[in-house]
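Enquirer: For reference, each letter of the sequence shown is one residue, going 1 to 362 in full-length UniProt numbering. There's a structure below that I have some questions on.
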Amino acid sequence: MVKPKTKKICIVVSSLGAGGAERSSAILSEMLFDLGYDIHIVSVLNKIDYPFKGTLLNLGVLKDEDDSILGRLKRLKVFKNYLKKHHFDYVIDSRTRIGLFKEFLISNFIYNPKKTIYCVRSYNTDGYINPNRFFGDRLYSSAHRIIAVSNGISVKLKKKYGFKNLTVINNPIVINNVSVMSEVDVKNKFILFFGRLDDSIKNISLLLQAYAESKIFQKEIKLIILGAGKDKDLLLNKSEILRLNNSVSFLEYKSNPYGWVKEAVFTVLTSRYEGFPRTLIESLALGTPVISVDCQSGPNEIIVDEHNGLLVENHNIKALAQAMDRLVEDKELYLRCKANAKSSVAHLSMKTIGLQWKAILN
């Protein structure tokens, strides 16, 4: 009996560091590698923080050396030659895709559309699909598949572009026992935000305002903000204005935040928009209840209100403050959400999500 040929898959990423989308791409490489595919990863930027599996082509090293127009053309040539050399069965493009001319070149002259799968990992779809309906359709409608990480994203793309090659595959969860062994040096109880400190997306200002209005900070339950980003100084200043200096701690970015997540009373998400947020599914997988604003998209596909957490109206400071108080003061509610947390995301296991990818690739 002839053994079937191992399929070669190339995953193209913006980077492998500093964000949930990038983390999901790294996990995708591990998942497909473990399923027996020959995995190659091409990174546009020289930022490799997350563990991955497969062979890495780091175009970011060339970018650091020369980011002129000539340097960019050189990188495109290196990329094209790499794809040509390896004869990949599929290319999975997980990058943000901005710039009509550049993406026209890539989709038409570097990729083979019938062997290309495009991922859309945020409700801000303009970063992945050209906002012009004509150009968006021209660039992506002939692709093998467009993978949306949430139903909300899929509905938006179908309505705007009429794509018929859409499939929804959620982000999977991968947390092992070693991941949660990091030490947590906090004596008080605390609630947690972990993620990128970009207030234009994550709206951490809303979290600070709601925390200041809640009763929980008067009960000496601290707020820990874990992460790095361009708005750290702005948020530190806002915390000072709200007189939260003794109650809010800003800790540095950690590639392994799971010890903190597991020890938190609950975690909080206040984003203006999302994709299928890893912070929520990873918290629940560790048995930690969640509170999230009902932003587009993801939270209302993950949280069953009062079952595994609380879902509140977005941009509503009072509603968020009340939700924080409820989850602390209502012991029955809290214990119910905690008891249901892990089982509520069991369908997002690597095995289950891996089978969905396998169906696309085979």
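The beta carbon of each residue, even a glycine, is placed where N, CA and C say it ideally should be.
1. Assuming I147 and L361 form a contact by the criterion Cβ under 8 Å, report the distance between their Cβ atoms to the nearest whole angstrom.
2. Between K85 and D38, is the Cβ-Cβ spacing less than 8 Å?
3. Short of 8 Å in beta carbon distance, which residues of its chain neighbour K358, apart from the five on each side in sequence? Order them along the chain.
4. Consult DSSP for L269 and reduce its assignment to one of helix, strand or coil.
5. Does the beta-carbon of A212 have 16 or more other beta-carbons within 10 angstroms, so that it is buried, or is it exposed?
6. To the nearest angstrom, how far is it from the Cα of R196 to the Cα of S29?
7. Between which residues of its own chain and H307 is the CB-CB distance below 6 Å, once the five residues before and five after are set aside?
8. Would you report the Cα separation of K222 and K164, rounded to the nearest angstrom?
9. Quick check on G309: does DSSP put it in helix, strand or coil?
10. With DSSP as the reference, please indicate the residues paired to I281 in a beta bridge.
11. Can you tell me whether F79 is helix, strand or coil according to DSSP?
12. If contact is defined by three or more beta carbon pairs under 8 Å, each pair taking one atom from either stretch, is the segment 18-33 in contact with the segment 275-292?
13. Just to confirm, are L269 and V290 a CB contact at a threshold of 8 Å?
14. Given N151, which residues of its chain have a CB within under 8 Å of its CB, disregarding the five upstream and five downstream residues?
15. How many Å lie between E252 and K232 at the Cα?
16. With F190 as the anchor, note down where its beta strand (DSSP E) starts and where it stops.
17. What are the start and end residues of the alpha helix (DSSP H) that includes T167?
18. From which residue to which residue does the beta strand (DSSP E) around K47 run?
Expert: Here's the rundown:
1. Between L361 and I147 the Cβ distance is about 11 Å, and since that is not below 8 Å, they are no contact.
2. For the pair K85 and D38, the CB atoms are not nearer than the 8 Å cut-off.
3. Answer for K358: L35, listed in chain order.
4. DSSP, read as helix, strand or coil, puts L269 in strand.
5. Around the beta-carbon of A212, 16 or more other beta-carbon atoms lie within 10 Å, marking it buried.
6. Each residue's CA atom was taken as its position, placing R196 and S29 some 22 Å apart.
7. Exclusion of the five residues before and after H307 leaves N340 as the residues of its chain whose Cβ lies within less than 6 Å of its Cβ.
8. When rounded, the separation of the alpha-carbon atoms in K222 and K164 is 48 Å.
9. For G309, the three-state secondary structure derived from DSSP is strand.
10. Partner(s): none; I281 has no beta bridge.
11. In the structure shown, F79 sits in a helix (DSSP, three-state: H, G or I).
12. Yes, they touch.
13. For L269 and V290, yes; Cβs fall inside 8 Å.
14. Taken in chain order, the residues that qualify are V168, S297 and E301.
15. Rounded to the nearest angstrom, the two C-alpha atoms are 10 Å apart.
16. Unbroken beta strand (DSSP E) run through F190: F190 to F194.
17. Following the DSSP letters along the chain, one finds T167 in no alpha helix (DSSP H) but inside the beta strand (DSSP E) bounded by residues L166 to V168.
18. Where K47 is concerned, there is no enclosing beta strand (DSSP E), given that its DSSP letter is neither H nor E.
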